[in-house]
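Q:
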Amino acid sequence: MNNNNKIAITKINNDDVKSAVFEALNLINAGNLFINPSMKILIKPNLLAPKKPEKAVTTHPAVLRAVIQWLKQFNPKRIIVADSSGTYLKGITDLAFEVCGIRKVCEEEHIEFIPFERTKCKSYKVESPLILKEFPASRLLEEFDMIINIPKIKTHINTKLTCSIKNMFGTVILGYKRKIHKLCKTEERLNSALVDVYSVFHPELTIVDGYLCQEGMGPSMGDVVKMNLIIAGYDPVALDTVICQIIDFNPSEISYISKAEEKGLGTSDLKKFEFVGSSIRSVRKKFKKPKTSIKRIIIMNSRLVIEYVYKTLTRQSITFNKLKCDLCYTCSEICPVKAIILPEVLEEGKSLPRWDKRVCIKCYTCAEFCPNKAIELKKNIIKNFLNSWLSIIFFFSILFLIYLIFLLF
Ligand code: SF4
Ligand code: SF4
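Following this line, the structure appears as structure tokens:
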């Protein structure tokens, strides 16, 4: 067996995360990856949302710090931490970076943190796609020599599990994630999209944060479970299979694992691996699965209503700055729903693209991609309220209230 077939499971004793991370990485001889000292390394944590570390939604800062300290032994030329949060809100990744405790770690360790949406992006093609032919992501992902994946063990209401493979979905920039979710309404299609993204960006090394995990209604509303584990290896397909065994889930029920294996992106045959450190049996703990209960339906629907009201009121309209726009076509080409139409006769300095607000899904990918910063986003809460269903609902609620008062008195 070669070194790349090793999987390490180590226990975190007395909250000493650093020792567990160092032990796991040394057990799988991960230092062999860093023979060349001038490497540029991109660390991809899970920064789903701005939540405090104890909520177990994002990669724990202590795990990230230990990985950075371990990497520094090999004098890499550059280390950065980069990610893009789960929903589109301007500045959300920066906020997550702050609240999750990652900013503090990066500042103290003198490491840059870069939200993917603030970098130059390009469209990446998927070879033999299951569903996504291409998707936009940061150019940083091809400029760095190595991607190190630091996912977290969490249950997921749509895909049952989120860990090594699914964490790479965070490489898709903010607005386009929404487009993918819109395109992939069934669980099967979403699983295919996850594998397509993973097939473009697969990490050389994965260190699973199994310190504080989530069971039940994950990935953000589940119950916290202190597992005190670090799992490290090179094959995310195998690692996700190991995680399933640890938390007593059936890997065949998580279809992105088998889809990735069928696509030749790894193997779930654990007999091909050498296990070092603790055994799966000694760390096993049955996790609660995400369930469709009345409580969940109520919570989900209330969330959807709040999200709808928020998005409706804060949605931004698009205008083009005619001094900056040079009709380069980028926004029109990148728009996932073709809501930007370029004028047929290009009169330089006079014509501007046209925005079709009825078609636009407000992903703002166009603004992220415009090379000249010529797309301006404007928010008008009162106008948004008056132009939406909210004003009609509000109007009828007032009428109903007046009617009730009339009946009572
Ligand atoms: S990407 Fe920017 S510069 Fe290019 S056409 Fe669109 S608005 Fe104009
Ligand atoms: S026009 Fe609308 S849908 Fe198209 S990229 Fe811009 S925000 Fe997204």
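Going left to right, the sequence shown walks through residues -15 to 393 as our numbering numbers them.
Using N, Cα and C, we set each Cβ at its ideal position, and we do this for glycine too.
Just so you know, these numbers come straight off a predicted model, no measurement behind them.
(1) Nearest CA to the CA of V396: which residue from V192, F128 and K24?
(2) Given T251, which residues of its chain have a CB within under 7 Å of its CB, disregarding the five upstream and five downstream residues?
(3) Is D310 a contact residue of ligand 1, with contact defined as CB to any heavy atom under 8 Å?
(4) Anyone know if the C-beta pair for L159 and E352 falls short of 9 Å?
(5) In whole angstroms, what separates the C-alpha of K150 from that of P187?
(6) Can you round the beta-carbon distance between V110 and D180 to whole angstroms, since I take them to be within the 8 Å contact cut?
(7) Would you say the beta carbon of S316 is closer than 8 Å to some non-hydrogen atom of ligand 1?
(8) How would you write the range of the beta strand (DSSP E) that Q198 sits in, first residue to last?
(9) Is there at least one non-hydrogen atom of ligand 2 closer than 8 Å to the beta-carbon of T298?
(10) Following the continuous alpha helix (DSSP H) through Q300, name the residue where it begins and the one where it ends.
(11) The beta strand (DSSP E) that contains T(-6), what's its start and end?
(12) Just to check, is the beta-carbon of K106 closer than 8 Å to a non-hydrogen atom of ligand 2?
(13) Do you know whose CA, among I238, S372, P337 and P203, lies nearest E360's CA?
(14) Report whether the distance from the Cβ of L9 to the nearest heavy atom of ligand 1 is below 8 Å.
(15) Whether or not the stretch 125 to 145 and the stretch 311 to 330 are in contact is what I'm after, with contact meaning three or more pairs of Cβ atoms, one per stretch, closer than 8 Å; do they touch?
(16) Which residues bound the alpha helix (DSSP H) around F128?
(17) Could you give the distance in angstroms between the alpha-carbon of K117 and the alpha-carbon of R49?
(18) Tell me whether T303, by its Cβ, gets closer than 8 Å to a heavy atom of ligand 2.
(19) Ignore the nearest five residues each way along the sequence and tell me which others in F380's own chain have a CB closer than 6 Å to its CB.
(20) Is any heavy atom of ligand 2 found at a distance shorter than 8 Å from the C-beta of C403?
(21) Would DSSP call N(-14) helix, strand or coil?
(22) Go through the stretch 142 to 180 residue by residue and report every complete run of the alpha helix (DSSP H) that reaches 4 residues or more, in order.
(23) Any heavy atom of ligand 2 within a distance shorter than 8 Å of the CB on Y348?
(24) Return helix, strand or coil for K255, following the three-state DSSP convention.
(25) In three-state DSSP terms, what is K28?
(26) With which residues is I359 paired in a DSSP beta bridge?
(27) The alpha helix (DSSP H) that contains V226, what's its start and end?
(28) Compute the distance between the beta-carbons of I227 and N175, then report whether it is under 9 Å.
(29) Return the first residue and the last residue of the alpha helix (DSSP H) that S375 is part of.
(30) Going by DSSP, what residue range makes up the alpha helix (DSSP H) through I12?
(31) Output needed for K247: all residues of its chain with C-beta closer than 8 Å, excluding positions within five of it in sequence on either side, in chain order.
(32) Just to confirm, are I25 and M130 a CB contact at a threshold of 9 Å?
(33) How should N30 be labelled, buried or exposed, when 16 other C-beta atoms within 10 angstroms of its C-beta is the threshold for buried?
(34) So S122 packs on I157, CB below 8 Å; how close in whole Å?
(35) Is K109 helix, strand or coil by DSSP?
(36) If T42 sits next to C84, beta carbons under 8 Å apart, how far is it from one beta carbon to the other, in whole angstroms?
A: So, from the data block:
(1) Here the chain comprises residues numbered -15 to 393, so residue 396 is not present and cannot be evaluated.
(2) Within the same chain, Cβ atoms closer than 7 Å to the Cβ of T251 are found at D219, V221, A222 and E245, the five residues on either side in sequence being excluded.
(3) yes
(4) Note that residue 159 is Gly in the sequence shown here, rather than Leu. Going by C-beta atoms, G159 is nearer than 9 Å to E352.
(5) 12 Å
(6) The beta-carbon separation of V110 and D180, rounded to 5 Å, stays under the 8 Å limit for a contact.
(7) yes
(8) L189 to E199
(9) no
(10) No alpha helix (DSSP H) contains Q300, which is instead part of the beta strand (DSSP E) from Q300 to F304.
(11) K(-10) to K(-5)
(12) Checking the 8 Å criterion, the Cβ of K106 is out of range of every heavy atom belonging to ligand 2.
(13) Taking the Cα of E360 as reference, the smallest distance to any Cα among I238, S372, P337 and P203 is reached at P337.
(14) no
(15) no
(16) Element bounds for F128: n/a, residue is neither H nor E.
(17) Straight-line spacing of the CA atoms in K117 and R49 works out to 36 Å.
(18) no
(19) none
(20) In the structure as shown, the chain starts at -15 and stops at 393, and residue 403 therefore has no counterpart that could be examined.
(21) In this prediction, N(-14) has a pLDDT of 48, which is less than 50 and means its spatial position is unreliable; what the coordinates show is noted afterwards. Three-state result, N(-14): coil.
(22) 148 to 151 and 158 to 167
(23) yes
(24) In this structure, K255 counts as helix in the three-state DSSP scheme.
(25) In the structure shown, K28 falls within a strand segment according to DSSP collapsed to helix, strand and coil.
(26) F304
(27) P220 to I231
(28) Contact flag unset, no.
(29) W373 to L392
(30) From DSSP, I12 is part of no alpha helix (DSSP H); its letter is neither H nor E.
(31) Residues of the same chain with a CB within less than 8 Å of the CB of K247, apart from the 5 flanking positions on each side, are S112, L114, V179 and S183 in chain order.
(32) yes
(33) buried
(34) 7 Å
(35) Residue state, collapsed to three classes: strand.
(36) 4 Å
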